[in-house]
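The number in this note's numbering is simply the position in the sequence shown, starting from 1, with 338 added. Backbone N, C-alpha and C define an ideal beta-carbon position, used for all residues, glycine too. Values in this document were obtained by computation on a predicted structure and should not be read as measured data.
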Amino acid sequence: MQLDSRAVFTHIKRLFIGFDKPLALFMFLLLGVGIVTLYSASLDMPGRVEDQVRNILLTFALMWAIANIPTQTLMKLAVPLYTVGIGLLVGVALFGLTRKGAKRWINVGVVIQPSEVMKIAMPLMLAWYYQKREGVVKWFDYIVGLILLAIPVGLIAKQPDLGTAVLVLASGLFVIYFAGLSFKLILPVLLAIVIGAGTVVATESKICQPEVKWPMMHDYQKHRICILLDPQSDPLGQGFHTIQAVIAIGSGGMLGKGWLKGTQAHLEFIPEKHTDFIFAVFSEEFGLVGGVTLLFLYLCLIARGLYVAANGATLFARLLAGALAMSFFTYAFVNVGMVSGILPVVGVPLPFMSYGGTALVTLGLGVGIIMSVGKQKRLMQS
């Protein structure tokens with residue numbers, strides 16, 4: 339039987355209809371900048387760049403596969419994925435593996451970190467719930483959403499893994515907000531946070547004393563916040579991270595010292611320079627201009643994701659894509675704030691820049707889901 343070349347071409351073209359070009363371009367540019375910066379940051383760690391390239395190839399393959407899954411299928415996966423994720427988090431709490439003082443992993447034949455699953459499962463679940471309640475959403479539906487969100491966030495925070503808990507919390511809150519939660523209800527919470535933060539700053543000299551215990555917080559979490567307020571109180575310990583990162587960013591000046599010429603990074607002053615603190619390496623070598631350009635790329639990525647979300651064919655698609663697009667903002671905001679000394683050090687990677695496979699794959703899956711939402715809309719219009 340002779341193959342119809344036109345039919346084959348049409349089939350191949352259909353497979354790539356979900357590949358949103360602008361979204362892929364911004365992601366590719368960020369990955370390119372990340373590889374260039376990682377090369378400089380890991381000159382004394384051979385093999386890091388090669389490993390990251392393999393991670394990128396795997397991420398692109400998974401992103402393309404997810405982009406070709408219909409959103410109706412993703413919707414069917416929401417409840418099972420959320421349920422499995424909660425089950426694994428409970429398993430971690432009961433008999434998880436402890437490393438570096440944290441119980442975040444579980445052996446199920448292979449060692450996995452279930453909290454990573456919740457970065458995707460949480461917005462999926464909440465988008466599914468509000469899709470089912472479309473047109474009849476009442477005030478108690480927002481309470482239900484917060485309960486569904488509080489369970490995994492609480493389990494993750496208890497591990498303890500504050501960075502991942504913040505990311506999962508943010509992804510869920512974005513869904514709830516996009517589902518119609520009034521800003522009038524959010525404003526008092528924001529005001530309470532501002533007042534609380536102001537109180538902590540004003541009373542830092544008293545509440546940061548060693549004998550003072552903070553309710554619902556571990557000692558190391560209290561220490562991180564106190565170090566944020568006064569890094570010089572522990573310049574060779576926890577404060578070392580913030581102090582050296584800020585020095586690196588400031589020493590870059592307007593145009594930076596040039597690629598491979600960052601002294602703070604190459605003289606080993608910047609900790610975790612290839613992962614959480616890679617922004618400090620980038621800023622030292624490319625300066626304020628480079629930093630602003632990088633942030634502009636993130637803005638373009640987020641804006642494109644929100645554009646796709648706004649044009650989603652269903653409420654589920656719009657909520658899911660919108661929350662995932664805003665999760666890129668959360669990653670970037672928390673990491674840059676942490677490295678710049680305006681937020682506590684919580685171990686959140688810089689999206690598409692920091693070395694590591696797990697976070698990169700999770701982010702790639704998020705981009706793939708947004709592409710799937712865009713593909714569904716284009717197929718309905720064609």
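Item: Residue-chain proximity (Thr700, chain C), Cβ-Cβ < 8 Å; Value: Annotation note: the requested chain C is absent from the structure, which comprises a single protein chain.
Item: Beta strand (DSSP E) runs wholly inside the region 368 to 451, at least 3 long, in chain order; Value: 435 to 437, 440 to 445
Item: C-alpha distance - Ala651 paired with Val711, whole-angstrom precision; Value: 8 Å
Item: Environment of Met383 [buried if 16+ CB atoms lie within 10 Å]; Value: exposed
Item: Terminal residues of the alpha helix (DSSP H) in which Asp557 lies; Value: 557 to 567
Item: Short Cβ contact (8 Å threshold) for Phe455 with Leu415; Value: The question names Phe, yet the displayed sequence has Val at residue 455. Cβ atoms of Val455 and Leu415: not closer than 8 Å.
Item: Buried versus exposed call for Ile424 [16 or more other C-beta atoms within 10 Å across all chains shown]; Value: buried
Item: Environment of Phe516 [buried if 16+ CB atoms lie within 10 Å]; Value: buried
Item: Beta-carbon contacts of Pro573 that lie in its chain and below 7 Å, excluding the five residues immediately before and after; Value: Ile581
Item: Three-state secondary structure (DSSP) of Gly594; Value: coil
Item: Buried or exposed (CB count within 10 angstroms, at least 16 for buried), Ser380; Value: buried
Item: Assigned secondary structure, Met365 (DSSP; H/G/I helix, E/B strand, else coil); Value: helix
Item: Other residues of its chain near Trp597: CB distance less than 8 Å, five sequence neighbours each side excluded; Value: Val374, Ser378, Glu623, Phe624
Item: The region 585 to 600 / the region 626 to 646 touching (three or more Cβ pairs under 8 Å); Value: yes
Item: Rounded separation between Lys713 and Leu637 - CA only; Value: 22 Å
Item: Top-ranked residue by Cα proximity to Val448, from Leu435, Val532, Ile608, Gly385; Value: Leu435
Item: Inter-stretch contact (C-beta, 8 Å, three-pair minimum) for the region 663 to 681 and the region 489 to 497; Value: no
Item: For Met619, the first and last residue of its enclosing alpha helix (DSSP H); Value: Reading off the sequence shown, one finds Val at residue 619, where the question assumed Met. Here the alpha helix (DSSP H) through Val619 covers 616 to 648.
Item: Beta-carbon proximity check, Gly704 vs Asn393, cutoff 8 Å; Value: no
Item: Where Gly702 falls: helix, strand or coil (DSSP); Value: helix
Item: Burial state of Lys611, where buried means 16 or more other Cβ atoms lie within 10 Å; Value: buried
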